[in-house]
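Asks:
Protein chains in written order, with this note's numbering: chain A, 1 to 471; chain B, 472 to 679.
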């Protein structure tokens, strides 16, 4: 049983009571809501006649359904309009702050909470979205919940939870140029599997993790859930504090000094005990691309689609299903796979550094003929910062479309979607069947720089060859 | 798409047993996008989701999907393989299954958020070994008319022919479902004093 880890410390600090059935009532420090998973929770609250317990500890934005071309109201899609109107009404009725369209602070919930300084070390963070694990990058314990649990947090600022085990994922060495946090996490999931993390929180640690910038740590923790781990985290350190200082909701002046002292003390101690530990070597990881229908079906860009013989026996039925669905031949190189659509964005890779990495590849080059390529910034703040450094122009000149912020084609709840059997190179997080809006559409997950490279080449290619040569 | 809706009797109160025929869905890592594609999440109530469960898989199999087969209409048990319900946290997935008629799920393993969402709706998720699930699925596919009884107290599944499978269910959820205390809201509201104390003790709540 784990002891002395950040997870244990934060868990103990937030324990309210023991519940019948053995679960723990856990206080939730920050509750984030959006338009898709909250309307039924508010409706249930109204049915029960309950108030929101601590409205100031819930923060709302709109992200999943917003169009990325014109965001003028009312939206062309009446259902999308109804969802946003419902969120606006619920926030207004219960006194919940809403960072809406055009506020300058709207964006994907997992992008805006960190950039506003809402997400802080040592908090428990819950949101009706599985990628809430993102916030673990700050040393918070953050996890996705369902709508009944959204109702519970609204009503009681707490949740009924079971404690997880803790697996430390220790990463030695340094990522090579052209290899990013996205590649690291796709590699980890490839090795540990999409269900390897069930029952665990993942603590990411080691020299390679220490060297990651905050936005890279967010990418890493974001996809812990794709490895089955409901939350992933990185211990807070000087990188975390430097990111937070001066953000709108970060503590100020003397409170800042006290906060940093408290945050430092939350990190897993040298004597911390973990339930499990797995080690990786960052230097050995190549740009990684998925070839199949789960995020665990990934390979280095210089590898070939695994054959059945190269696949563990119990993974073979899934591999066969993936060959059929993806129409990729086992034993053939993934590099050279032609793509139709290139998507840069999402809560995984829609932050400024992601756009910078992609723009560095796009600059002075041009999207291949017949390829639809588009960039969706993760938030209004990301968009403004990118425009301020001219990234929108770099992308437009290279033939990419520059869009308004939202979740977009990560899950295709807005008009951005694949058509028919189109195949996308995507910086998002899920390559499930039908995920990007077409029941037969296909997704290749990769880093934003790799997506930009695929857009230029019209096919999957090794971005390391592009960043080592001038266009 | 047609489906026999049994929306009149969503789980309520203590659950001693789930009875009925079973639908088998074969495959590991079936994600919640498969169970309910994202386009059906454009709604402000869960009401219509029963008809849309597994929509894309059903369209692909044009009537041959287990959820469309005439002999399986009205079934109340779902039998699946490993890591069922992975991916998105959308409660729309168990809501869609429940609104189609599912009242219990048996599988080798479940994704955590899906498992918790089922519990919050009063839908028990039982587990069994790889071999047990395969043999159960095989028998149910061969004879889909079998009436099953899943007992919460003994975590067992008995087929109308008399055959018995031993299953497993976590002690906490078992107790919560059997006692009718699976809806957490009232329990969470019962500790107002302790909640206020916990909040008071957290530096970030009080400006450090």
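Quick reminder that beta carbons are idealized off the backbone N, C-alpha and C, glycines included.
For the region 656 to 668 of chain B, which residues have a CB atom closer than 7 Å to at least one CB atom of chain A, in sequence order?
Replies: 656, 658, 659, 660, 662, 665, 666
Asks: Check whether the Cβ atoms of residue 438 of chain A and residue 418 of chain A sit closer than 8 Å, and answer yes or no.
Replies: Yes, the pair counts as a contact, with Cβ atoms nearer than the cut-off.
Asks: Under a three-way DSSP split, which group does residue 402 of chain A fall into?
Replies: strand
Asks: Since residue 158 of chain A sits in a beta bridge, which residues does DSSP pair it with?
Replies: A:27
Asks: For residue 470 of chain A, which residues of its own chain have a beta-carbon under 6 Å away from its beta-carbon, when the five flanking residues on both sides are left out?
Replies: none
Asks: How is residue 492 of chain B classed by DSSP in three states: helix, strand or coil?
Replies: coil
Asks: Can you tell me the Cα-Cα spacing of residue 485 of chain B and residue 493 of chain B, whole angstroms?
Replies: 22 Å
Asks: Distance, Cα to Cα, residue 436 of chain A vs residue 541 of chain B?
Replies: 31 Å
Asks: Could you name the residues of the region 178 to 212 of chain A whose beta carbon sits closer than 8 Å to any beta carbon of chain B, in the order they occur along the chain?
Replies: 194, 195, 198, 199
Asks: Do residue 579 of chain B and residue 548 of chain B have their CB atoms nearer than 8 Å?
Replies: no
Asks: Using a Cβ cut-off of 9 Å, which residues of the region 497 to 529 of chain B contact any Cβ in chain A, in chain order?
Replies: 497, 498, 499, 500, 502, 503, 504, 505, 508, 509, 510, 512, 513, 514, 515, 516, 517, 526, 527, 528
Asks: For residue 536 of chain B, which residues in the same chain have their Cβ closer than 7 Å to its Cβ, ignoring the five residues on either side in sequence?
Replies: 525, 528, 529
Asks: How many Å lie between residue 544 of chain B and residue 491 of chain B at the Cα?
Replies: 11 Å
Asks: Among A:133, A:404, A:166, whose alpha-carbon lies nearest the alpha-carbon of residue 3 of chain A?
Replies: A:166
Asks: According to DSSP, is residue 221 of chain A part of a helix, a strand, or is it coil?
Replies: helix
Asks: In three-state DSSP terms, what is residue 231 of chain A?
Replies: strand
Asks: For the region 113 to 185 of chain A, which segments carrying the beta strand (DSSP E) assignment without a break, of at least 3 residues, lie completely within its bounds, in sequence order?
Replies: List check, beta strand (DSSP E) in window: 124 to 127, 141 to 144, 158 to 161, 165 to 172.
Asks: DSSP beta-bridge partners for residue 344 of chain A?
Replies: A:375
Asks: May I ask you to list, following chain order, the residues of the region 47 to 80 of chain A that have a beta carbon less than 9 Å from some beta carbon of chain B?
Replies: 48, 50, 53, 54, 57, 64, 65, 77, 79, 80
Asks: Closer than 7 Å, Cβ to Cβ, to anything on chain B: give me those residues from the region 254 to 270 of chain A, in chain order.
Replies: 255, 258, 259, 262
Asks: At a CB distance below 9 Å, what residues from the region 232 to 256 of chain A approach chain B? Give them in sequence order.
Replies: 251, 254, 255, 256
Asks: Shorter than 8 Å from the beta carbon of residue 600 of chain B to some beta carbon of chain A?
Replies: no
Asks: Tell me whether the region 565 to 578 of chain B and the region 507 to 526 of chain B touch, counting them as touching only if at least three CB pairs, one residue from each stretch, are closer than 8 Å.
Replies: The answer is yes - the region 507 to 526 of chain B touches the region 565 to 578 of chain B, with three or more Cβ pairs under 8 Å.
Asks: From this set, A:256, A:121, A:112, A:296, which residue's C-alpha is nearest residue 185 of chain A's C-alpha?
Replies: Answer by Cα proximity: A:296.
Asks: Who are the Cβ neighbours of residue 55 of chain A in its own chain at under 7 Å, not counting the five residues just before and after it?
Replies: So the list reads 94, 95, 96, once near-sequence residues are dropped.
Asks: What's the gap between the Cα of residue 111 of chain A and the Cα of residue 345 of chain A?
Replies: 11 Å
Asks: Looking at residue 219 of chain A: is its Cβ nearer than 8 Å to the Cβ of residue 181 of chain A?
Replies: yes
Asks: Give the list of continuous beta strand (DSSP E) stretches no shorter than 3 residues that lie fully inside the region 583 to 622 of chain B.
Replies: Listed in chain order, the complete beta strand (DSSP E) runs (minimum 3 residues) inside the region 583 to 622 of chain B are 596 to 598, 619 to 622.
Asks: Have a look at residue 349 of chain A and residue 222 of chain A and give me their C-alpha separation to the nearest angstrom.
Replies: 9 Å
Asks: Given this structure, state the Cα-to-Cα distance separating residue 127 of chain A from residue 588 of chain B, to the nearest angstrom.
Replies: 14 Å
Asks: Mind checking residue 268 of chain A: buried by the 16 CB within 10 Å criterion, or exposed?
Replies: Counting Cβ neighbours within 10 Å, residue 268 of chain A comes out buried, since at least 16 surround it.
Asks: Along chain A, in chain order, which residues have C-beta atoms closer than 7 Å to that of residue 559 of chain B?
Replies: 130
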